[in-house]
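Here is the structure we will look at, set down as structure tokens.
Protein chains in written order, with the working numbering: chain G, 25 to 313; chain X, 67 to 362.
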């Protein structure tokens with residue numbers, strides 16, 4: 025990891041209680057995320073993934089009341105001092121329920137809303153709208169009402185609306201929960217493409233460990249508001265027992281190799297997490313025999 | 067239930083009326099509104115109805131227009147029946163016919179007819195306006211003449227929320243039905259209020275968070291994606307509308323002979339037929355809507 029640079033996102037001893045709640049939603053979070061990383065946050069429902077993400081653009085503590093201790097810095101800005109609408113110029117966020125994010129009468133206007141707020145000229149707007157709708161695969165639906173779209177299309181639209189603002193940090197909360205399997209891969213891949221080509225920092229809360237293993241280069245596991253694991257996918261997914269305690273599983277290839285590793289005593293130190301890694305390791309083992 | 071839309075909303079089209087900018091159309095609709103409230107002359111009101119129906123017919127909105135009118139017309143028509151037996155008119159009243167226990171008055175027929183014409187002409191123009199104007203275009207135009215952006219935005223979001231709430235009601239109602247609760251009538255709607263409105267509050271909170279996340283209300287210049295350009299044609303239509311309204315209004319105020327309430331006479335048979343027809347239309351409407359409610 026590029027530890028020499030300043031982190032683009034930093035959490036310092038962050039603890040957060042929702043109003044009336046006795047148990048903390050986040051507890052002693054210390055976290056550094058660097059520019060250009062593709063970060064996946066893993067955890068069960070209610071583990072604190074969404075709460076953590078809401079801290080990233082200042083919705084916590086500016087819009088959701090509650091008790092926050094510690095500080096969150098985005099590009100060096102303390103989120104306590106900047107309202108969400110200003111941080112929105114840096115952080116683009118897609119929430120898990122797409123329908124609640126849509127307000128306009130047509131798809132094009134929905135995408136335009138953020139651009140209008142940024143003061144983009146109408147000519148550039150037209151271009152950006154065409155571009156992002158192409159990216160998410162909604163090109164032909166420009167004039168449709170957002171409320172006539174299917175759940176998956178609405179989610180793509182919400183993503184397009186956030187992407188249009190060209191954020192430096194792009195946060196998605198379970199973006200694939202409404203999307204069909206093919207669309208799921210597509211959306212994650214779009215984020216990966218933006219991450220590689222535009223150097224956009226992507227932060228993704230996700231259930232699908234296979235997808236995470238494929239694309240992420242930084243994995244954070246949280247359980248009951250605490251960070252349990254924080255490292256590369258390789259490091260995190262090798263901790264099978266710790267993950268199981270949090271109610272999470274590892275990618276199936278990792279699990280498979282873990283089982284034969286133990287039963288056949290192969291002595292593999294680093295379990296593979298991707299199919300291609302597994303393939304080469306398997307071929308290796310065959311050659312040895 | 068996806069795609070449920072308001073019965074009164076824009077009908078996309080390419081007609082002459084669609085192509086007029088929102089403001090001139092709004093001006094005409096408001097002009098008709100003012101005139102219809104300023105006069106009781108059946109001829110002027112009738113002329114506006116004819117003009118309104120003509121505009122509706124050239125803007126290709128007929129099917130949606132008739133659907134809405136099918137609901138509004140019976141409600142407007144009942145004015146004829148109610149007014150004829152109890153005119154909102156200074157005494158003395160001239161009785162012209164007897165319909166069972168009801169006495170029909172000359173002034174009542176006049177009053178009922180003009181009241182009906184008044185609401186009818188206003189409604190036609192309002193419908194033509196709404197059905198040929200994209201709400202966003204209207205809001206952009208209003209913003210240009212000084213309506214605050216926030217108020218415009220509230221209007222846009224409200225327009226969006228109504229169909230969503232309709233849909234949510236339907237979902238809650240079917241959930242109640244599937245649990246063996248009553249699924250129709252007022253008794254079913256009442257318990258579904260709580261989940262729908264709690265849901266609505268939650269939705270609005272989520273919406274405000276997501277709007278702020280898209281820099282809504284941030285400092286700096288704001289631009290607008292939609293743009294409405296007023297052409298020469300639009301200005302001409304606007305000026306003509308303004309002049310026509312002003313001249314008609316002046317004429318109504320000056321010319322006292324336009325009040326035909328004592329000079330216009332209705333034959334007893336015609337009056338009875340008119341009143342019975344109005345009452346029948348209204349009763350049929352009630353029967354049809356009640357039977358619809360019971361069926362669903």
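In this text, a Cβ means the ideal position worked out from N, Cα and C, and glycines have one as well.
Quick check on residue i: does DSSP put it in helix, strand or coil?
i                      : result
residue 127 of chain X : coil
residue 36 of chain G  : strand
residue 200 of chain X : coil
residue 230 of chain G : coil
residue 309 of chain G : helix
residue 57 of chain G  : strand
residue 119 of chain G : coil
residue 176 of chain X : helix
residue 246 of chain G : strand
residue 72 of chain G  : coil
residue 95 of chain G  : strand
residue 124 of chain G : helix
residue 301 of chain X : helix
residue 203 of chain G : coil
residue 239 of chain G : helix
residue 296 of chain G : coil
Pull up the distance between the alpha-carbon of residue i and that of residue j, whole angstroms please.
i                      : j                      : result
residue 289 of chain G : residue 264 of chain G : 17 Å
residue 210 of chain G : residue 189 of chain G : 20 Å
residue 230 of chain X : residue 232 of chain G : 31 Å
residue 77 of chain G  : residue 303 of chain G : 35 Å
residue 181 of chain X : residue 143 of chain X : 9 Å
residue 250 of chain G : residue 270 of chain G : 11 Å
residue 202 of chain X : residue 236 of chain G : 41 Å
residue 199 of chain X : residue 320 of chain X : 35 Å
residue 175 of chain G : residue 310 of chain G : 46 Å
residue 47 of chain G  : residue 72 of chain G  : 12 Å
residue 233 of chain X : residue 243 of chain X : 15 Å
residue 159 of chain X : residue 126 of chain X : 44 Å
residue 171 of chain X : residue 177 of chain X : 10 Å
residue 323 of chain X : residue 109 of chain X : 12 Å
residue 166 of chain X : residue 130 of chain X : 38 Å
residue 352 of chain X : residue 345 of chain X : 11 Å
residue 68 of chain X  : residue 237 of chain X : Residue placement at residue 68 of chain X cannot be trusted, given a pLDDT of 36 that sits under 50; what the coordinates show is reported in the next sentence. Computed Cα separation, rounded: 11 Å.
residue 174 of chain X : residue 330 of chain X : 12 Å
residue 126 of chain G : residue 223 of chain X : 9 Å
residue 167 of chain G : residue 220 of chain X : 21 Å
So with Cβ pairs under 7 Å, would you call residue i a contact of chain C?
i                      : result
residue 143 of chain G : Within the model displayed, chain C is absent; protein chains G and X are what it includes.
Count the other C-beta atoms from every protein chain shown that fall within 10 angstroms of the C-beta of residue i, then say buried if there are 16 or more, exposed otherwise.
i                      : result
residue 339 of chain X : exposed
residue 140 of chain G : buried
residue 154 of chain X : exposed
residue 178 of chain G : buried
residue 259 of chain X : exposed
residue 147 of chain G : exposed
residue 124 of chain X : exposed
residue 311 of chain X : buried
residue 293 of chain G : exposed
residue 171 of chain G : buried
residue 332 of chain X : buried
residue 184 of chain X : buried
residue 226 of chain X : buried
residue 82 of chain G  : buried
residue 268 of chain X : exposed
residue 358 of chain X : exposed
residue 268 of chain G : exposed
residue 219 of chain G : buried
residue 349 of chain X : exposed
residue 247 of chain X : exposed
If you check the beta carbons only, do residue i and residue j fall under 7 Å apart?
i                      : j                      : result
residue 89 of chain G  : residue 108 of chain G : no
residue 262 of chain G : residue 295 of chain G : yes
residue 266 of chain G : residue 185 of chain G : no
residue 297 of chain X : residue 93 of chain X  : no
residue 120 of chain G : residue 197 of chain G : yes
residue 280 of chain X : residue 137 of chain G : yes
residue 187 of chain G : residue 131 of chain G : no
residue 65 of chain G  : residue 244 of chain G : yes
residue 444 of chain X : residue 256 of chain X : The displayed coordinates of chain X run from 67 to 362. Any statement about residue 444 of chain X would go beyond what the structure contains.
residue 163 of chain X : residue 334 of chain X : yes
contact_flag[the region 90–110 of chain G, the region 143–152 of chain G] where n(CB pairs < 8 Å) is 3 or more:
no
State whether the region 178–196 of chain G contacts the region 284–302 of chain X, with contact taken as three or more CB pairs (one from each stretch) at a distance under 8 Å.
no
Is there contact here, the region 158–175 of chain G with the region 204–218 of chain G, by at least three beta-carbon pairs under 8 Å?
yes
Within the chosen definition, does the region 54–65 of chain G reach the region 222–232 of chain G through at least 3 CB pairs nearer than 8 Å?
yes
Per the contact definition of three or more C-beta pairs closer than 8 Å, is the region 190–199 of chain X in contact with the region 128–141 of chain X?
yes
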